[in-house]
Amino acid sequence: MMRHLISAADLTRDDAVLILDTAEEMARVADRPIKKLPALRGRTVCNLFFEDSTRTRISFEAAEKRLSADVINFAAKGSSVSKGESLKDTAQTLEAMGVDAVVIRHGASGAPYRLATSGWIDAPVINAGDGTHQHPTQALLDAFTMRRRLIGPDAGLGQGLDGKRITLVGDVLHSRVARSNVDLLHTLGAEVTLVAPPTLIPVGVENWPCEVSYDLDSTLPKSDAVMMLRVQRERMKAAFFPTEREYSRRYGLDGDRMARMPGHAVVMHPGPMVRGMEITAEVADSERCTVVEQVANGVSIRMAVLYLLLGGNEPAVTHPAPATTPATKRSAPASASRIEEK
Ligand code: NCD
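Throughout the sequence shown, residue numbering follows the working numbering, covering 1464 to 1805 in sequence.
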């Protein structure tokens, strides 16, 4: 395993599958009456959030607490950053306090990389979203959700997403979720198609490992999962489409459009959703939409990443593939208890 998690593009297929498999173990902890493992007892993790967040921040905090870490939450608002303190000074303060890992979300693309490579801090750095660049734990939780839904929690162990057709729809230009997903899904063997108005497709996309289409209706019947992306108005400095109504009409997902998807296909969204814009309430609340599941899976993925970066010298997953062990489910507590022993 690598020392930091900065970009989904840094993950090898083996790394990614190990994280997904470890997250399956962690998900089983969430089914227990006491949802806690002592794996990171005595370790301090700092959540450094320079940008707004609901899901990601709470999810990291829940993951850290479930692994028994001590948690320090730092929000830029109300800290000395609003007095002009630099990232370097903030990092050196954390280093002086002896933090063991830093989770960072920052509006500037590259801030987590800078933190990891600057020498200001010795701890592993986990990117929780930087500018329009990367959001690797989101891509991992999305891949985990796809693997569970399209292959199955047990059947998926040890596997990637080979041959699965994944469509990402919307504001690709401003989306770190899209970038991370394209990288990771490609590594895991999926076929990715981006659908957006031409103005919301980044320059240089021809070098990305994916297809591009401007026609949502023709792509839906060929998709195993369709991920809707929010239009990120806070990052827009120009008009990228005529009106919201026009955008929704061509690129929004409503009930009629969802009916064009194959019966087994799922609708995904990283959140926050703007109902009525990229997704209607009917679709968001339907059985086929995994948005709430993605949030729950996010905790398992972040537990796995923290465990592997901080605690685990050896894989937490020890059981063989489910095909050879019909009793995989029953073997889970034994391997989870191996995590507890660490
Ligand atoms: C995304 C983000 O912040 O990049 N949300 C998330 O982390 N769950 C996507 C978005 O803000 O639209």
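We treat Cβ as the ideally placed atom computed from N, Cα and C, and that holds for glycine. For clarity, every value in this text was computed on a predicted model and none was experimentally measured.
Item to check | Where the alpha helix (DSSP H) through Asn1670 begins and ends | outcome: As a working mapping, residue 1670 is identified with position 207 in the sequence shown. Run containing Asn1670: none; DSSP gives neither H nor E here.
Checklist entry - Just reading off the alpha helix (DSSP H) that Phe1523 is part of, what are its end residues? => result One-based indexing of the sequence shown puts residue 1523 at position 60. Phe1523 -> alpha helix (DSSP H) spans 1518 to 1529.
Next on the checklist: Does the distance between the C-beta of Thr1475 and the nearest non-hydrogen atom of the ligand NCD fall short of 6 Å?
Outcome noted: Position 12 of the sequence shown, counted from the first residue, corresponds to residue 1475. Not one heavy atom of the ligand NCD lies closer than 6 Å to the C-beta of Thr1475.
Next on the checklist: Below 8 Å on the Cβ atoms is my contact criterion, and I expect Arg1506 with Leu1773 to pass it. Report the Cβ-Cβ distance as a whole number of Å.
Outcome noted: If you number the sequence shown from 1, residue 1506 lands on position 43. If you number the sequence shown from 1, residue 1773 lands on position 310. The Cβ separation is near 6 Å, so the contact holds.
Item to check | Pro1733: CB within 6 Å of a non-hydrogen atom of the ligand NCD | outcome: Along the sequence shown, one-based indexing puts residue 1733 at 270. The ligand NCD has a heavy atom closer than 6 Å to the beta-carbon of Pro1733.
Item to check | Distance, Leu1483 Cα to Phe1607 Cα | outcome: As a first step, residue 1607 must be located in the sequence shown, where it is residue number 144. As a first step, residue 1483 must be located in the sequence shown, where it is residue number 20. In a straight line, the C-alpha of Phe1607 is about 6 Å away from that of Leu1483.
Checklist entry - By how many angstroms is the C-alpha of Thr1556 removed from the C-alpha of Thr1743? => result Counting from one through the sequence shown, the residue named residue 1743 turns up at place 280. Counting from one through the sequence shown, the residue named residue 1556 turns up at place 93. The straight-line gap from Cα to Cα measures roughly 45 Å.
Checklist entry - Would the C-beta of His1598 count as close to the ligand NCD, meaning under 6 Å from any of its heavy atoms? => result In the sequence shown, residue 1598 corresponds to position 135, counting from 1. Yes.
Checklist entry - So does Thr1485 have its beta carbon nearer than 6 Å to some heavy atom of the ligand NCD? => result The residue you call residue 1485 lines up with position 22 of the sequence shown. Short note on Thr1485: C-beta not closer than 6 Å to any heavy atom of the ligand NCD.
Item to check | Simplified DSSP state of Thr1706, which is helix, strand or coil | outcome: Position 243 of the sequence shown, counting from 1, holds the residue named residue 1706. Three-state DSSP puts Thr1706 in coil, outside helix and strand.
Checklist entry - What residue does the alpha helix (DSSP H) around His1569 start on, and which one ends it? => result For the purposes of this step, residue 1569 is taken as the residue at position 106 of the sequence shown. That residue, His1569, is in no alpha helix (DSSP H); its beta strand (DSSP E) goes 1564 to 1569.
Checklist entry - How would you label Glu1514, buried or exposed, when you count the other beta carbons within 10 angstroms and need 16 or more for buried? => result Position 51 of the sequence shown holds residue 1514. By the neighbour-count definition (other C-beta atoms within 10 Å, threshold 16), Glu1514 is a buried residue.
Checklist entry - When DSSP labels each residue in this structure, what does Gln1597 get in the three-state scheme? => result By 1-based counting over the sequence shown, the position of residue 1597 is 134. Correct three-state label for Gln1597: strand.
Checklist entry - Would DSSP call Thr1743 helix, strand or coil? => result Numbered from its first residue, the sequence shown carries residue 1743 at position 280. Reduced to three states, the DSSP call for Thr1743 is coil.
Next on the checklist: Using only the alpha-carbon positions, how far apart do Ala1722 and Glu1524 sit?
Outcome noted: Walking along the sequence shown from the start, residue 1722 turns up at place 259. Walking along the sequence shown from the start, residue 1524 turns up at place 61. Going by C-alpha positions, Ala1722 is about 37 Å away from Glu1524.
Item to check | beta-carbon Thr1580 near the ligand NCD non-hydrogen atom, thresh 6 Å | outcome: As a first step, residue 1580 is located in the sequence shown; it is residue number 117 there, counting from the start. Of the heavy atoms belonging to the ligand NCD, none sits nearer than 6 Å to the Cβ of Thr1580.
Next on the checklist: Which residue marks the beginning of the beta strand (DSSP E) containing Ile1535, and which one marks its end?
Outcome noted: If you number the sequence shown from 1, residue 1535 lands on position 72. Counting along the chain, the beta strand (DSSP E) containing Ile1535 begins and ends at 1533 to 1538.
Checklist entry - If you measure from the CB of Thr1662, is any heavy atom of the ligand NCD nearer than 6 Å? => result To locate residue 1662, count along the sequence shown from 1; it is residue 199. False, no ligand heavy atom lies under 6 Å from that Cβ.
Checklist entry - So, do the stretch 1661 to 1668 and the stretch 1630 to 1639 have three or more beta carbon pairs nearer to each other than 8 Å? => result With contact defined as three or more Cβ pairs closer than 8 Å, the stretch 1661 to 1668 and the stretch 1630 to 1639 are in contact.
Checklist entry - Is the beta carbon of Ile1469 sitting closer than 7 Å to the one on Ala1579? => result Within the sequence shown, residue 1469 is the residue found at index 6, counting from 1. Within the sequence shown, residue 1579 is the residue found at index 116, counting from 1. Going by C-beta atoms, Ile1469 is nearer than 7 Å to Ala1579.
Next on the checklist: Check for me: the beta strand (DSSP E) holding Glu1558 runs from which residue to which?
Outcome noted: Within the sequence shown, residue 1558 is the residue found at index 95, counting from 1. Looking at the DSSP string, Glu1558 is not in any beta strand (DSSP E); the run it does join, the alpha helix (DSSP H), is 1550 to 1559.
Item to check | Integer Cβ distance of Leu1503 from Val1492, believed to fall under 8 Å | outcome: In the sequence shown, the residue the question calls residue 1503 occupies position 40. In the sequence shown, the residue the question calls residue 1492 occupies position 29. Going by Cβ atoms, the distance from Leu1503 to Val1492 rounds to 13 Å, so no, they are not a contact pair.
Item to check | Glu1548 to Thr1517 span [Cα, whole Å] | outcome: Residue 1548 sits at position 85 when you count from the first residue of the sequence shown. Residue 1517 sits at position 54 when you count from the first residue of the sequence shown. C-alpha separation (whole angstroms): 24 Å.
Checklist entry - Taking the alpha-carbon positions, what's the Ile1629 to Met1464 distance? => result By one-based count along the sequence shown, residue 1629 stands at place 166. By one-based count along the sequence shown, residue 1464 stands at place 1. Pairing Ile1629 with Met1464, the inter-Cα distance amounts to about 27 Å.
Checklist entry - Looking at the unbroken beta strand (DSSP E) that takes in Leu1431, where does it start and where does it end? => result With the chain covering 1464 to 1805 only, the question about residue 1431 has no answer from this structure.
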